[in-house]
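Residues 20 to 302, numbered by my numbering, are exactly what the sequence shown covers, in order. Virtual Cβ for every residue (Gly too), placed ideally from N, Cα, C. What you are looking at is a predicted structure, and each value in this text was computed from that prediction instead of being measured.
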Amino acid sequence: MLIVEQQSAVRHEIAKWKAAGEIIAFVPTMGNLHNGHLSLIDLAKTSGADRIVVSIFINPLQFDNREDFVHYPRTIPDDLNALREHGDVDLVFVPEANDLYPNGLQSLTEVRIPSLENDLCGKYRPGHFKGVCTIVTKLLNIVMPHKLVLGQKDYQQLLIVKQMLMDLNFDTEVLSGETIRDYDHLALSSRNRYLSRDERARANLLYRSLQHIRDRFSEAQTEDLLEQARQDLDTNGFRTEYIEVRDADTLEPPGQNTSLYVVLAAAYLGKARLIDNLVFPKA
Ligand code: AMP
20 MLIVEQQSAV RHEIAKWKAA GEIIAFVPTM GNLHNGHLSL IDLAKTSGAD
70 RIVVSIFINP LQFDNREDFV HYPRTIPDDL NALREHGDVD LVFVPEANDL
120 YPNGLQSLTE VRIPSLENDL CGKYRPGHFK GVCTIVTKLL NIVMPHKLVL
170 GQKDYQQLLI VKQMLMDLNF DTEVLSGETI RDYDHLALSS RNRYLSRDER
220 ARANLLYRSL QHIRDRFSEA QTEDLLEQAR QDLDTNGFRT EYIEVRDADT
270 LEPPGQNTSL YVVLAAAYLG KARLIDNLVF PKA
């Protein structure tokens, strides 16, 4: 497993692999790796990739909140050990911000996708998806993978990146991995470590609320179900940002053509901002 800090060194390795006709899959992360991240490596492997590249970079451009950026867990030695132990990873790209943003973050060319970036998470995290689209574009231009592997846990991000790749004619296939959950169904997340013991014991109410809505969903009762879930979360110590049912293909409010729904939520519990979603078909 090669560990590389310079983008020039990544390009050098990738060029050799491509010359040999190998299929390259890329798993971008912000580190503090858990089984959710590792499942994406497995997905890359089973998809037939010959080479797997993982990046670890806490992208300052996508943090709307400086505190969150400063305190985001930085655990590179543990992450590298986890990747080594897991196996199947050929190269880990661990860039320095200076290498990716040599002129800083001001006056930077940015990539944005106006139709989806101010909705749901974008509404509460201004500039977040612009930061995501910009870094994903930059990383893709360095790694130039055949396959980009993303998690469904960040459902809006997944749809936005897919849309961006289509709009900008990237020749990259997107693979999406299902959400990996803890013993009580709480979605694994690097931010779960901010939960106190007491908060952790209650945290799966977010998942249970989504499950409740999915299992009882009828379009006529959507608002009642959502309002009840919001109240339930907020009386149990959550600060709900949103909980919504949308068309799973477009993220628009469901309409006559909707065949697949997604219920998505974001809520703070203590210092941790938790997000989760469940996709379900029309009954
Ligand atoms: P992050 O390090 O949080 O930026 O996440 C890197 C990638 O891992 C993204 O594509 C996420 O959607 C994915 N991911 C994060 N948590 C999970 C999870 N619990 N299950 C599956 N994929 C995940």
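* Asked: Can you find a heavy atom of the ligand AMP that lies under 7 Å from the Cβ of residue 278?
  -> no
* **Burial state of residue 157, where buried means 16 or more other Cβ atoms lie within 10 Å** => That one is buried.
* To do: Following the continuous beta strand (DSSP E) through residue 283, name the residue where it begins and the one where it ends.
  => 279-288
* Asked: Where does residue 202 land, buried or exposed, given buried means 16+ other C-beta within 10 angstroms?
  -> exposed
* To do: Kindly examine the ligand AMP and report whether one of its heavy atoms sits closer than 7 Å to the Cβ of residue 150.
  => no
* Cβ neighbour criterion (16 or more within 10 Å) applied to residue 39 -> exposed
* Asked: Would the beta-carbon of residue 319 be found less than 7 Å away from any heavy atom of the ligand AMP?
  -> In the structure as shown, the chain begins at 20 and stops at 302. Residue 319 is therefore absent and cannot be evaluated.
* Run of the beta strand (DSSP E) containing residue 196, from where it starts to where it stops -> 192-196
* To do: Please determine, among 270, 286, 265 and 279, the residue with the shortest C-alpha to C-alpha distance to residue 251.
  => 286
* **Cβ-Cβ distance between residue 75 and residue 98 below 8 Å** => yes
* Asked: Does the ligand AMP have a heavy atom nearer than 7 Å to the CB of residue 56?
  -> yes
* To do: Kindly provide the ranges of any alpha helix (DSSP H) runs that are 4 or more residues long and lie completely inside the segment 169-228, ordered along the chain.
  => 174-186 and 216-221
* List the DSSP bridge partners of residue 166. => Answer is 44 and 192.
* Looking only at DSSP bridge pairs, what is residue 300 linked to? -> The secondary-structure analysis by DSSP pairs residue 300 across a beta bridge with 279.
* Asked: Hey, quick one: how far does the alpha helix (DSSP H) through residue 29 stretch, first residue to last?
  -> 26-38
* Out of curiosity, what's the CA-to-CA distance linking residue 64 and residue 239? -> 43 Å
* **the segment 226-236 touching the segment 289-302, judged by at least three CB pairs closer than 8 Å** => yes
* Excluding the five sequence neighbours on either side, which residues of its own chain have a C-beta within less than 6 Å of the C-beta of residue 70, listed in chain order? -> 36, 41, 43 and 109
* To do: Please state if the CB of residue 33 and the CB of residue 111 are separated by a distance shorter than 8 Å.
  => no
* Asked: Any contact of the segment 154-168 with the segment 183-195, i.e. 3+ C-beta pairs under 8 Å?
  -> By the Cβ criterion, the segment 154-168 is in contact with the segment 183-195, since at least three pairs of Cβ atoms, one from each stretch, lie closer than 8 Å.
* Asked: What is the C-beta distance between residue 124 and residue 80, in whole angstroms, given that I count them as a contact (C-beta under 8 Å)?
  -> 6 Å
* Top-ranked residue by Cα proximity to residue 281, from 184, 170 and 175 -> 175
* Asked: Beta carbon of residue 79: closer than 7 Å to some heavy atom of the ligand AMP?
  -> Using a cutoff of 7 Å, the CB of residue 79 does not count as near the ligand AMP, since none of the ligand's heavy atoms is closer than that.
* To do: Measure the alpha-carbon distance for residue 181 versus residue 49 and round it to whole angstroms.
  => 19 Å
* Might you give, ordered along the chain, the residues of its own chain that have their beta carbon closer than 7 Å to the beta carbon of residue 171, omitting 5 neighbours on each side? => 177, 195, 196, 197 and 198
* Among 133, 82, 55 and 290, which residue has its Cα nearest to the Cα of residue 179? -> Sorting 133, 82, 55 and 290 by C-alpha distance to the C-alpha of residue 179 places 133 at the top.
* To do: Verify the contact flag: residue 141, CB atom, against every heavy atom of the ligand AMP, threshold strictly below 7 Å.
  => No.
* Taking 7 Å as the cut-off, does the CB of residue 208 come closer than this to any heavy atom belonging to the ligand AMP? -> Taken from the Cβ of residue 208, at least one heavy atom of the ligand AMP lies inside 7 Å.
* Asked: What residues are listed by DSSP as bridge partners for residue 261?
  -> 285
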